[in-house]
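If you're matching positions, the sequence shown starts at 310 in the working numbering and goes up one per residue.
For every residue, glycine included, the Cβ atom is placed at its ideal position computed from N, Cα and C.
Scroll down for the structure; my scribbles are underneath it.
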Amino acid sequence: MKIPTQKTILAPLVAATLLLGMSAIPAHAEQKDAFAHEPTNAEEAAAQRVAAANVLLEENYQAHVATLTSEQQAWEVVLQENLGGYYLPIHQKEKIAGKSNAWDFVQDVPGLPRVLVIGDSISRGYTAPLRHKLKGKVNLHRAPENCGPTARGIKHLDLWLGDGDWDLITLNFGIHDRHTSIDDYRMRLNQIITRLNQTGAQVVWVTTTPVPPGALEYVEGSVERLNQAAQAIMQEQNIPVLDLNQAITPVIPQYQLPENCHFKESGYQFMGDFLAEKLMAKLQADAPEKE
């Protein structure tokens, strides 16, 4: 009988040990990987929750977009490219929830005037109430972003105008130009008005609403200076002025948020009602000329 040597006895033991060791390494690695993305502090945990929520928001929004017509999808692409990091998530959440907002796709009703709103977040606030008030009378569109200062207007005006045949364009630049010199403001605003006049639409200026002390956007006297400069330009260029500032000032305590340039929903409703009446009067007065 052949007597097993130490080598033959140890060989299976060594092999078994190696196998056990090899199987243990992946298990340890897997355990390590499982903890690799765990937050090490509250800030990291919060950041991970935000990132996960953003991924879910984008997935749900894209699922919503997939249900839209090709025209509606094209409009959503424009919004995705222009609304920016603040307004786009708001828009996405509202669309997922089935809510209407200032940037709704507008399916034109043939025969109705086409109106374009250009302006900042104040005009964003009154766009939906204005659209509701003019439903069945006007196809009311809005530029696909917060239009900000006149410097942005110069760069983005062709995008906002698109290839639309506009009957009337309302515009305002003011709050975001609070740090702009009056000379630059006049120059840019004149350039914008000149471009808008080339469309053949009736152009209407909406005055800048008050900004109270304590608001982030408050610069003493800036609203008054800008409104004065803009009204002089409108007079020179024969542009009608809708004085929203004068209309809202008496009811500021009722409608404006404290220490904030923005307004309550009821305040935007007030603005929408005011502007709807004035715009319809302008359109009706202009109708015989169009014919």
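Check whether residue i and residue j have beta carbons under 8 Å apart
i           : j           : result
residue 478 : residue 510 : yes
residue 476 : residue 422 : yes
residue 535 : residue 517 : yes
residue 391 : residue 424 : no
residue 432 : residue 571 : no
residue 515 : residue 481 : yes
residue 508 : residue 470 : yes
residue 414 : residue 371 : no
residue 426 : residue 451 : yes
residue 428 : residue 456 : yes
Residue i, DSSP secondary structure in three states
i           : result
residue 321 : A caution first: residue 321 carries a pLDDT of 48, below 50, which makes its placement in the model too unreliable to give a value.
residue 560 : helix
residue 450 : strand
residue 542 : helix
residue 579 : helix
residue 516 : coil
residue 502 : helix
residue 532 : helix
residue 313 : Low per-residue confidence applies at residue 313: pLDDT is 45, beneath 50, and the placement is therefore not dependable, though the value from the model is reported in the following sentence. Three-state result, residue 313: coil.
residue 592 : helix
residue 537 : helix
residue 551 : strand
residue 381 : helix
Rounded distance between the beta-carbons of residue j and residue i, thought under 8 Å
i           : j           : result
residue 540 : residue 550 : 6 Å
residue 543 : residue 557 : Not quite, the Cβ-Cβ distance comes to about 19 Å (not below 8 Å), so this is no contact.
residue 460 : residue 497 : 6 Å
residue 374 : residue 385 : 5 Å
residue 369 : residue 405 : 5 Å
residue 377 : residue 389 : Not really, about 13 Å apart at Cβ, beyond 8 Å.
residue 435 : residue 577 : 5 Å
residue 521 : residue 568 : 6 Å
residue 501 : residue 525 : Not confirmed; about 25 Å, so no contact.
residue 485 : residue 458 : 4 Å
Selection from the options that minimises the alpha carbon distance to residue i
i           : options            : result
residue 483 : 353, 438, 533      : 533
residue 590 : 446, 520, 469      : 446
residue 439 : 584, 593, 592, 596 : 584
residue 553 : 531, 513, 545      : 513
residue 410 : 492, 547, 453, 419 : 453
residue 490 : 455, 566, 356, 531 : 531
residue 401 : 426, 363, 493      : 363
residue 548 : 365, 503, 441, 354 : 503
residue 592 : 443, 393, 353      : 443
residue 387 : 361, 412, 403, 356 : 412
residue 545 : 499, 588, 357      : 499
residue 408 : 393, 437, 394, 383 : 437
Any C-beta of chain D under 8 Å from that of residue i
i           : result
residue 455 : Given the protein chain composition of this structure (a single chain), no chain D is represented.
For the region 350-379, list the alpha helix (DSSP H) runs that are entirely contained and at least 4 residues long, ordered along the chain. 351-374
Sequence ranges, beta strand (DSSP E) only - wholly within the region 383-440, length at least 3: 423-427
Please give the ranges of any alpha helix (DSSP H) in the region 459-502, keeping only runs that are unbroken, at least 4 residues long and fully inside the region. 459-470
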